[in-house]
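Chemist: There's a structure below that I have some questions on.
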Amino acid sequence: MKITLEEAEGRHPAASPQSPPAIAACSLTIGPGEQVAVIGPSGAGKTTLLQLIAAALVPTHGRVLLNDVDPWQLSTRALQVLRGRLFYAPQTPPLPPRQRVITALSAGRLPSMSLWQSIAQLVYPRGVAQAADALAAFDLDEKLWERVDRLSGGERQRVGLARAIMSPAELWLVDEPLSALDPKRSRQAIDTLCQQARARNATLLTTLHQVDVAISQFPRVIGFREGRLAFDLPAHQVSKDLLAELYAQHEHELLGAPPPERDRPASPAPVNIVHCR
Ligand SMILES: Nc1ncnc2c1ncn2[C@@H]1O[C@H](COP(=O)(O)OP(=O)(O)OP(=O)(O)O)[C@@H](O)[C@H]1O
Ligand SMILES: [Mg+2]
């Protein structure tokens, strides 16, 4: 699926009218089958960008197009069909606690099903073999019938990713998939996600705090800072200097350490970096 943003602005309905938009004047194009990582400090607008593209948030200015179509111009039914063609994996996967993993995985296919198919699927999960394969891809074969609330945080996160590869979507929007994984598992998980997306020519857009993973595993990296596109480059052109600019005053995030309370800046630095390909 192709994604186009034209001067798109995103504001959260609950944000105060005085606050700057979470995403401002963003223009970019991502082609079908591309794999792109979005990086930037906390609060930069990465999740908001995914929400705009997932047609979960209406742009307050400009346009977001999916396959050259503006979702917000579609009828309710056509919008529902379009949403069935994309998979949005939020930062914390919404897995109901008492559900079994097999049922949670089957839910990855719900957006493309009719209401009755969805209800039947929740009661009598089908596609057990497919679910087992998806779990095996994330090294979780033995958890198929386990309850979700008996999994560790990292296992839950990998179940969330297995849901993505269970879905027949043409666009995968994955928000912070690695926050609960150790470095080895992170690389395996991203490898699997990229391979699976490539195998079915799905477009993959993922936000990441692990800058090293973004640069080593994705061909294209987009940097955001304070709601603005800071750079959009082939990964090999993302230099240490660019990263230092992107994470200025947020260096602890670049190093992967938690922010020391006393070191947080009182006010953010102005944004004046834009480097595009
Ligand atoms: N539901 C909301 N209501 C109001 N403001 C919000 C909401 N969600 C996010 N924001 C604001 O929008 C801005 C961008 O937030 P966003 O979640 O997109 O950042 P992020 O880059 O994903 O951060 P993180 O790395 O911490 O996940 C922030 O200033 C945030 O406070
Ligand atoms: Mg986020």
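Take the sequence shown: its position 152, counting from 1, is numbered 146 in the numbering used here, and each next residue is one higher. We treat Cβ as the ideally placed atom computed from N, Cα and C, and that holds for glycine.
(1) Closest by CA to Val205, which one among Asp226, Pro84, Ile33, Ala8?
(2) To the nearest angstrom, how far is the alpha carbon of Arg152 from that of Ala31?
(3) Report the three-state DSSP secondary structure of Ala174 (helix, strand or coil).
(4) In its own chain, which residues sit with a C-beta less than 8 Å from the C-beta of Lys137, not counting the 5 before and 5 after it?
(5) Rounded to whole angstroms, how far is the Cβ of Asp135 from the Cβ of Ala126, which I believe are closer than 8 Å?
(6) Does ligand 1 have even one heavy atom less than 6 Å from the beta-carbon of Thr42?
(7) Based on the DSSP output, what are the partners of Trp166 in its beta bridges?
(8) CB Gln85 to CB Glu220, shorter than 7 Å?
(9) By alpha-carbon positions, which one of Val58, Ser69, Arg141 ends up nearest to Thr23?
(10) Beta-carbon of Ser180 versus every beta-carbon of chain C: anything under 7 Å?
(11) Helix, strand or coil: how does DSSP classify Leu328 here?
Modeler: Reading off the structure:
(1) Ile33
(2) 18 Å
(3) coil
(4) Val95, Leu129, Leu145, Glu149, Val153
(5) 7 Å
(6) yes
(7) Phe81, Leu198
(8) no
(9) Val58
(10) The structure shown contains no chain C; it holds only a single protein chain.
(11) The requested residue 328 is not part of the displayed model; the chain covers only -5 to 271.
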